Amino acid sequence: MMTAAENSSDTDKIPTSFPTLLRRYAGVGAALVALIVFLSLTQENFLKYNNIMNILRTNSVMFVAAVGLTFVIISQGLDLSVGSMTALGGVFLAELLTSGVGAWPAIFLTIAACTILGAVVNGGLIAYGGFNFFVVTLAMMQLLRGAALVISNGVPASTFMWDPVQWVGDGVVLGLPVPVVLAVLIGLLGYAVMRWTRFGRSVYAVGGNETAARLAGINVARVRVAVYGISAACAGVSAIMLTGRLTSSQPVSAALGLELSAAAAVLLGGASFAGGSGNIGGSAIGVLFLGVLANGITLAGVPSYWQGIATGAVLIAAIALDRIRAK
Amino acid sequence: MNSDLPNSGLSTQADPLITATGIRKTFGPTVALDNAQAVLYPGEIHALMGENGSGKSTLLTILAGAQPADAGTITLHGRDLVGLTPAEARARGIAVVSQEPQLAPALTVGENIFLGRLPRRAGGVSWRETHRRAAEILAELQLDIDPRVAVSTLSLGRRQMVEIAKALADRPQVLLLDEATSSLDEADTRTLFALLSRLRAAGTAIGFVSHRMTEVMEHADRATVLRDGQYIGTRKLSETDEHELVSMMVGRDLKSYWHKASVAQGDALLRMVRVARGPLKSIDLTVNRGEIVGLAGLVGSGRSALLRTIAGVRPMEAGEMFLNRKAVRIRSPRQARQLGVGYVPEDRKGEGLVMHWSLYRNAGLSRVAALPVLAPISERIDRAAYAQGTQGLKVRTADPRQAVSELSGGNQQKVLIARELAITPDLLLLDEPTRGVDVGAKEDIYAQIAHLVRGGMGLMIASSELQELIGVCDRILVLFQGQIVADIPARDAREETLAYWASGAHLIGAA
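Those protein sequence lines, which keep their order, are chains A and B. Okay, so the first sequence: first residue is 1 according to the UniProt record's numbering, each after it adds one. Okay, so the second sequence: first residue is 1 according to the UniProt record's numbering, each after it adds one.
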């Protein structure tokens, strides 16, 4: 399947001129603007400061996960274990905290554990074991959620007592929510790595033509290990943010389906399962679009059950539009 | 234009089998064909020639009904064919073998040959019948391919033969081949043309597009030349020569097709001593600075494997290798680049270029890959690499920011070569550097090779076009079953000699 961005996301070109920028983000970017204008006109509460901060805060977890997934999808892979990894991260964090580890060390240990798990198991099996990414991460999705349940016995553990965790999930810095600031920083870092480092370029190369990348001197296996490590690291950060916001670990329900909504956002943002295209700016727009859409549905008093239908329809519409424009 | 009548080159009493006259075809603003024509008689092998973009493949696809012409007429046995579709064309006995593989790799050879019309029996497919008839066709082609094996297990060259078998399953009266030999080696090409001669004798009209001049000179009866979508002329091969055809194609006289450089050779650049790896057995060779060493051999003889071993793709398992007199063990393509070894793989789409990337990015890939993992980069690296690598290569593009997939094969190849030149290699390894490349671009590439070797670079070129090796190289090594069996100075080399060694004929004498 030749998907969305194959022909049109100009990840390759230099977005110096406004027309180029416009072309790159025209599809979903224009839709986002239209949606915002529409909601501003029809919903009086939409443009309120609180509502905007609410949108940003609730979607910062998805965005951080989407940053990691952007690396994976551009490398022509997929990580289905992101949601379960986030849930397990929360459980692991709560275990560390209740067993007396300091809050900051516990936060860093959680992120490190997730990273290692993702790089070694997901990355290792895919890059060196030759396993299909779908199979490996599907198995890990089951396995990690299971591990979260086993470790916690399925019982949420409160993290309310630990200020740093609460701060990461729900704090305020310079008048802005901490998770939002954190998400923006991670997004910028990801963007810079993708755009301006040799590593970022090799991710695009591996996704664009794996054999060509290998023969040109890129260590494809290491790139693959790295992208699954990055995806898991982002899931680790999401875990801290989510646990803080919910004031507890939620082994059963935390981040259920997160990987799929984040993947939808990444695809909306111009990446393609064919690999080699997409970028984190696009993913940010994709997350915002889905976030604003969900918010609009809530504000309009439409049952939130409609959210899934809207997301799916938008995704198909975006890809259809992209294919028409490519012709 | 030209006043030749379409059949001016032929003295035949027979009526034309299939004719196309006044064909016009546009793609948006691009005029692919304008008043093009071709006339094929029963029992002839007819070459359609022209540079890339001349419209020869488009003309072939129109003849095959794969796309409609905007204007013009096609007749079969003197009757007009209107609105021809691929299915109708097939039903009327027009078969086509296209350049891009059309086989399903997971299916067996027999299934592929009869795909869409598998022999049926009692509501199901008769596999026995399928395989029996497939075996019959393969035997006719003198191919020892088992119809029960999956196509994915076959080499590129063998797959191409299966494509041809598939086209022949309907016993066509017109057989059209679009660069059918570009992925075949000498032996398979010979088998193919032997088959085409038999079909010709049986009265089939055969039209083929080829970039290999030797092939045309040797096997075709007549040739029709197109240039920029226009009909230039038709010649009988017995009444023309290579020079006339090439000048018809490019529209000017080419002084010298080959650019042989006579360069004083310098020190040994690469030395291999008893190197072994997989199919390669005890390879001893030396490449000097300012020397072009050719590698001849059949597909599977180890000529590509040898280049891959030097390039670090499949590191050597035994033996010694010296670069600039220093012992090296090249373990990865990256390390090879860092040591000054450039490598242009055989399959530029599958293994060389990232097709949806820009020319700039593709040109920068090898240079970028040689950097430390977290090194900062910017578009400037790509532009610099492109500027350096394409110097003298005459890449034809409106904008180097366009996707490399939009270029012609020749220009794509130039970008791939530019990518390796951007790392300023001492030793450049080229695997099939002119496969599927038009005459003009070939000339540019040969000129660049001559220029590079004058600058003291050493080159190794693997090619299945023996004439190319003889024309370009200083010395030719012939590989047979993973071993170097002959080392012949190019000035003494003749195609027959190279083919003798490549086919293992020397063993027959010894036995």
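Where a beta carbon is used, it is the ideal one built from N, C-alpha and C, also for glycine. Quantities reported herein were computed from a predicted structural model and do not represent experimental measurements.
Distance between residue 427 of chain B and residue 363 of chain B (C-alpha atoms, nearest Å): 18 Å
Continuous beta strand (DSSP E) stretch holding residue 74 of chain B: start and end: 71-76
Inter-residue spacing [alpha-carbon to alpha-carbon] between residue 270 of chain A and residue 279 of chain A: The alpha-carbon atoms of residue 270 of chain A and residue 279 of chain A are separated by roughly 7 Å.
Test: residue 371 of chain B CB closer than 7 Å to a CB of chain A: yes
Sub-7 Å separation of residue 216 of chain A and residue 365 of chain B beta-carbons: yes
Residue 136 of chain B, enclosing beta strand (DSSP E) - first and last residue: That residue, residue 136 of chain B, is in no beta strand (DSSP E); its alpha helix (DSSP H) goes 127-140.
Under 8 Å from the C-beta of residue 215 of chain A: neighbouring residues of chain B: Chain B residues near residue 215 of chain A: 311, 313, 333, 343, 345, 351 and 352.
Stretch-stretch touch, CB-based, cutoff 8 Å, three pairs: the stretch 160-174 of chain A with the stretch 234-244 of chain A: Counting C-beta pairs with one atom in each stretch, the stretch 160-174 of chain A and the stretch 234-244 of chain A have three or more that are closer than 8 Å, which means they touch.
Interface partners of residue 376 of chain B on chain A, CB under 7 Å: Within 7 Å of the CB of residue 376 of chain B, the CB atoms of chain A belong to 196 and 197, in sequence order along the chain.
Distance between residue 132 of chain A and residue 231 of chain A (C-alpha atoms, nearest Å): 17 Å
Delimiting residues of the beta strand (DSSP E) encompassing residue 272 of chain B: DSSP places residue 272 of chain B in the uninterrupted beta strand (DSSP E) bounded by 268-277.
CB contact check: residue 209 of chain A to chain B, cutoff 7 Å: Chain B, which has a Cβ nearer than 7 Å to the Cβ of residue 209 of chain A, makes this yes.
Classification of residue 252 of chain A by the beta-carbon crowding that lies within 10 angstroms, buried from 16 upward: exposed
Where residue 404 of chain B falls: helix, strand or coil (DSSP): helix
For residue 367 of chain B and residue 300 of chain B, the rounded distance between their alpha carbons: One C-alpha to the other measures close to 30 Å.
When A:102, A:145 and A:97 are compared against residue 80 of chain A, the one with the closest alpha-carbon: Of the candidates A:102, A:145 and A:97, the one whose C-alpha sits nearest the C-alpha of residue 80 of chain A is A:145.
Under the three-state DSSP convention, the category residue 466 of chain B falls into: If DSSP states are grouped into helix, strand and coil, residue 466 of chain B belongs with the helices.
Reduced DSSP secondary structure (H/G/I, E/B, other) of residue 198 of chain B: helix
Residue 337 of chain A at chain B interface by Cβ criterion, 7 Å: Nothing about residue 337 of chain A can be reported from this structure: the residues present for chain A run from 1 to 327 only.
Among B:98, B:99, B:127 and B:97, the one whose alpha carbon lies nearest that of residue 111 of chain B: B:127
Neighbourhood of residue 85 of chain A by C-beta, 6 Å cutoff - its chain only, sequence neighbours within 5 removed: 114, 144, 232 and 235
Selected residue, minimal CA-CA separation from residue 232 of chain B, among B:48, B:26 and B:430: B:48
Start-to-end residues for the alpha helix (DSSP H) that takes in residue 289 of chain A: 280-299
Within-7 Å CB hit, residue 201 of chain A to chain B: Output row for residue 201 of chain A: interface = yes.
Buried or exposed by the 16-neighbour rule on C-beta atoms within 10 Å, applied to residue 370 of chain A: Not covered by the structure: residue 370 of chain A. The range shown for chain A is 1 to 327.
Residue 160 of chain A, DSSP secondary structure in three states: coil
Where residue 16 of chain A falls: helix, strand or coil (DSSP): The pLDDT assigned to residue 16 of chain A is 40, lower than 50, so where the model puts this residue is not dependable; a value taken from the coordinates is nonetheless given after this. Coil.
DSSP state of residue 346 of chain B mapped onto helix, strand, coil: coil
Cβ-based burial, residue 108 of chain A [other Cβ within 10 Å; buried from 16]: exposed
Partner residues on chain B for residue 280 of chain A, Cβ-Cβ distance less than 8 Å: Within 8 Å Cβ-Cβ: nothing; residue 280 of chain A doesn't reach chain B, min ~17 Å.
Rounded straight-line distance, which links the Cα of residue 34 of chain B to that of residue 229 of chain B: Going by the C-alpha atoms only, they are around 5 Å apart.
Chain A contacts made by the stretch 356-370 of chain B, where a contact means CB separation under 7 Å: 356, 357, 358, 361, 365, 366, 368, 369 and 370
Simplified DSSP assignment, three categories, for residue 326 of chain B: Strand, per DSSP.
Any 3 or more C-beta pairs closer than 8 Å across the stretch 22-33 of chain B and the stretch 45-64 of chain B: yes
Check whether residue 108 of chain B and residue 148 of chain B have beta carbons under 7 Å apart: yes
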